[in-house]
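Participant: Chains as they are written, first to last, in this note's numbering: chain A, 1 to 340; chain B, 1001 to 1340.
Built from N, CA and C at the ideal position, the CB exists for glycine as well.
Below are the structure tokens for one structure; questions will follow.
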């Protein structure tokens, strides 16, 4: 059986509800193997129906607990739900440290919940590409709700949150200075801000401060709009206590309203700006990978290694090295000239 | 005056000690402008002498205070020092939130200290490329010590730490679970681990635990080495209190020893593995940028937009879209075929 045949078989079994095949398929997709590619070519046209919800926030804000609570709430209405949890992980071993083993236990035996941990590092085509591909598989095999959980501190994690249909930023009431700075960046990708741990002292005040800040922002927006300047989106602010479930039904309802409104506003297939950005991330990620593979093939290893060594020795500058590699690539087969 | 002329003039003035020209030049380099490129082509061959020290760690570990203390220690011996501080920042405005304004104040008037904040997001050629380029400029204009300070939580930030000659991972004695997971990834890039806030309860114990963990690791390493398996590097563990300066002279001495040993072990220009990795990040970053620019030019905007829209509408899969774009690029000028 060829890799492609294997991918097609895994796709077919995953679509028929085989969860072990689905898990194996996600590994293939994440590894960007030929089998994964073959499966995605089949499944991708069947995706596009799920609501992709990004959930992000600083370490300790309670993202995992909130996602678990949202899944529980969806299950009360018998709605299937999947989770892609992106773990900060070792750059060398690439392993997901906070595995899905522990978190899976609450839903062991529930076939309509699927939780997947993904390493945040070591994705050839980029983390966004790998995540969107995994979400497309879960979408195609029939999960109407897919949560993408990321730690919102790094560039790539924020990019991943931004390619979801709806992005929820979770924050705890009390945060340090550095976390505030992270948050300022996060707020710009938020559709909904959840002040979690709503039973703690200061939670009401934190929510009120955020709302006040956003109201001032909204006033600026109106002035900017009147002057014809572009205005950023302003997120809703909700209070919740993920650990007790308080505020979680309201959050899921808010997510559903967002999705209904997105579908209503959708100007037709391929017009939704978030989905366009997601498609673009996919195509560009694969394209970048293909170009690098082609480069390695065309330029062969030796001349590139010589170029790197010449740059490391400061004999030539990196622009000159890149120009030579590019000439090699576009001349197809002649390889870069590696003389210093 | 052309952009290139401007870049050459800025390079020349920066080399002559003009700090305002240096600041402007770093902006050009960070923006990847033509002026920045022209300057870097001149300055790059003059770089390669500085010791690049990466300083990373979870939010709140005290990285900034430690870097400030190290700069102060270097100044006692009249050694010039530069800092590139990578700030977690807005993905939309791209602005550095924790600016260098506050931190510069302690060294206002000291011409031999230069502190530069850099946004962590929005770098076309990648954060690593932008950081290495900035460090090369500071190196070329005469700073023998360049600290690169990053928040060690995202993929790109860890990559940046890993391209320094020596990487210091800073940690506070008490850390949560999620931070522990981040740390496990960070430890693998560390040459030196500093347990900061050494005057707090638990600091001695945290350092002892780390040393014990690394000793067990070292025993495994010896077994692995005996069996011919590859072994990871094991970092040194130091205790310091950045706020009081305790342990800082010892840390700077340890850094100097590392650098002397690196130079001693260097198998000649272009042989040092860290410097090779750094050169490779530079060349690949610029190359990726050039390829994308070429793609935009060759494929023209319209067909790529049509491809993205077809993928967003799930009419074609992203692999097929990437294949068509690639054909367009390599056929030079014919553009990708955008039929769904």
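Within 10 angstroms of the Cβ of residue 260 of chain A, are there 16 or more other Cβ atoms? Answer buried if so, exposed if not.
Facilitator: Counting Cβ neighbours within 10 Å, residue 260 of chain A comes out exposed, since fewer than 16 surround it.
Participant: Assuming residue 1313 of chain B and residue 283 of chain A form a contact by the criterion Cβ under 8 Å, report the distance between their Cβ atoms to the nearest whole angstrom.
Facilitator: The Cβ separation is near 13 Å, so there is no contact.
Participant: Would you give the residue range spanned by the beta strand (DSSP E) that residue 33 of chain A belongs to?
Facilitator: Premise fails: residue 33 of chain A is in no beta strand (DSSP E) and is neither H nor E.
Participant: In the structure shown, what three-state DSSP assignment does residue 1140 of chain B receive?
Facilitator: Correct three-state label for residue 1140 of chain B: helix.
Participant: Applying the criterion that 16 or more other CB atoms from any shown protein chain within 10 Å of the CB defines a buried residue, is residue 1215 of chain B buried or exposed?
Facilitator: Burial call: exposed.
Participant: Given residue 8 of chain A, which residues of its chain have a CB within under 8 Å of its CB, disregarding the five upstream and five downstream residues?
Facilitator: The answer, listed in chain order, is 38, 39 and 42.
Participant: According to DSSP, is residue 149 of chain A helix, strand or coil?
Facilitator: Of the three classes helix, strand and coil, the one that applies to residue 149 of chain A here is strand, per DSSP.
Participant: When the cut-off is 8 Å and only beta carbons count, does residue 1062 of chain B lie next to chain A?
Facilitator: Taking Cβ atoms only, chain A never reaches closer than 8 Å to residue 1062 of chain B, which makes this a no.
Participant: Name, going along the chain, the residues of the region 4–34 of chain A whose beta-carbon falls closer than 9 Å to a beta-carbon of chain B.
Facilitator: Under the 9 Å Cβ criterion, the region 4–34 of chain A contributes no residue.
Participant: Short check: CB of residue 189 of chain A to CB of residue 237 of chain A, under 8 Å?
Facilitator: Taking 8 Å as the Cβ cut-off, residue 189 of chain A and residue 237 of chain A do not qualify as a contacting pair.
Participant: Check for me: the beta strand (DSSP E) holding residue 1189 of chain B runs from which residue to which?
Facilitator: It is not in any beta strand (DSSP E) - residue 1189 of chain B carries neither H nor E in the DSSP assignment.
Participant: Would you kindly check if the distance between the Cβ of residue 1067 of chain B and the Cβ of residue 1084 of chain B is under 8 Å?
Facilitator: Contact: no.
Participant: Could you list which residues in chain A have their beta carbon closer than 9 Å to that of residue 1358 of chain B, in chain order?
Facilitator: Because chain B spans 1001 through 1340 in this model, residue 1358 of chain B falls outside it and cannot be assessed.
Participant: Tell me which residue opens and which closes the alpha helix (DSSP H) that residue 240 of chain A is part of.
Facilitator: Note, residue 240 of chain A: premise wrong, no alpha helix (DSSP H); not H, not E.
Participant: So, helix, strand or coil for residue 1 of chain A, using DSSP?
Facilitator: Residue 1 of chain A falls in the coil class under three-state DSSP.
Participant: In chain A, which residues lie with their C-beta within 9 Å of the C-beta of residue 1040 of chain B?
Facilitator: By Cβ distance, chain A contributes 317, 318 and 319.
Participant: Which residues of chain B have a Cβ atom closer than 7 Å to the Cβ of residue 163 of chain A, listed in chain order?
Facilitator: Neighbours of residue 163 of chain A on chain B: none; closest Cβ ~11 Å, over 7 Å.
Participant: Can you list the beta strand (DSSP E) stretches of 3 or more residues lying completely in the region 42–69 of chain A, in chain order?
Facilitator: Within the region 42–69 of chain A, the complete beta strand (DSSP E) runs of at least 3 residues are 51–57.
Participant: Which residues of chain B have a Cβ atom closer than 7 Å to the Cβ of residue 286 of chain A, listed in chain order?
Facilitator: The contacting residues are 1318, 1319 and 1322.
Participant: For residue 1052 of chain B, would you say it is in contact with chain A, using Cβ-to-Cβ distances shorter than 8 Å as the test?
Facilitator: Taking Cβ atoms only, chain A never reaches closer than 8 Å to residue 1052 of chain B, which makes this a no.
Participant: For residue 140 of chain A, tell me which candidate among B:1317, B:1187, B:1159 and B:1277 has the shortest Cα-Cα distance.
Facilitator: If we check each option's Cα against that of residue 140 of chain A, B:1317 comes out closest.
Participant: Cβ of residue 1283 of chain B less than 8 Å from any chain A Cβ?
Facilitator: So, interface residue.
Participant: Using 8 Å as the limit for Cβ to Cβ distance, is residue 258 of chain A near chain B?
Facilitator: It does not: the Cβ of residue 258 of chain A has no partner Cβ on chain B nearer than 8 Å.
Participant: In this structure, how does DSSP classify residue 1316 of chain B when only helix, strand and coil are distinguished?
Facilitator: Residue 1316 of chain B: coil per DSSP, three-state reduction.
Participant: What I want to know is whether the C-beta of residue 307 of chain A ends up closer than 7 Å to one or more non-hydrogen atoms of the ligand MG.
Facilitator: For the structure depicted, the ligand MG is absent and the ligand set is empty, with no information on it obtainable.
Participant: Consult DSSP for residue 1324 of chain B and reduce its assignment to one of helix, strand or coil.
Facilitator: Three-state DSSP puts residue 1324 of chain B in a helix.
Participant: Would you say residue 1197 of chain B and residue 1062 of chain B are within 8 Å of each other, going by their C-beta atoms?
Facilitator: The answer is yes: Cβ separation under 8 Å.
Participant: Distance cutoff 8 Å, beta carbons only. Does residue 1084 of chain B sit that close to anything in chain C?
Facilitator: Of the protein chains in this structure, namely A and B, none is chain C.
Participant: Quick one: complete beta strand (DSSP E) runs, 3+ long, within the region 1240–1291 of chain B?
Facilitator: Runs found: none.
Participant: Where does residue 120 of chain A fall in DSSP's three states?
Facilitator: Coil, per DSSP.
Participant: Under 9 Å Cβ-Cβ, which residues of chain B neighbour residue 48 of chain A?
Facilitator: Those within 9 Å of residue 48 of chain A in chain B are 1312, 1313 and 1314.
Participant: What distance in whole Å lies between the Cβ atoms of residue 47 of chain A and residue 119 of chain A, which are believed to be in contact at a cut-off of 8 Å?
Facilitator: Not a contact, Cβ separation roughly 23 Å.
Participant: Residue 1023 of chain B and residue 1004 of chain B - do their beta-carbons sit closer together than 8 Å?
Facilitator: Not in contact: residue 1004 of chain B and residue 1023 of chain B (Cβ atoms no closer than 8 Å).
Participant: Taking the straight line between their C-alpha atoms, what separation do you get for residue 1187 of chain B and residue 1079 of chain B?
Facilitator: Distance between the alpha carbons of residue 1187 of chain B and residue 1079 of chain B: 29 Å.
Participant: Please report how far the alpha carbon of residue 1308 of chain B lies from the alpha carbon of residue 279 of chain A, in whole angstroms.
Facilitator: The straight-line gap from Cα to Cα measures roughly 6 Å.
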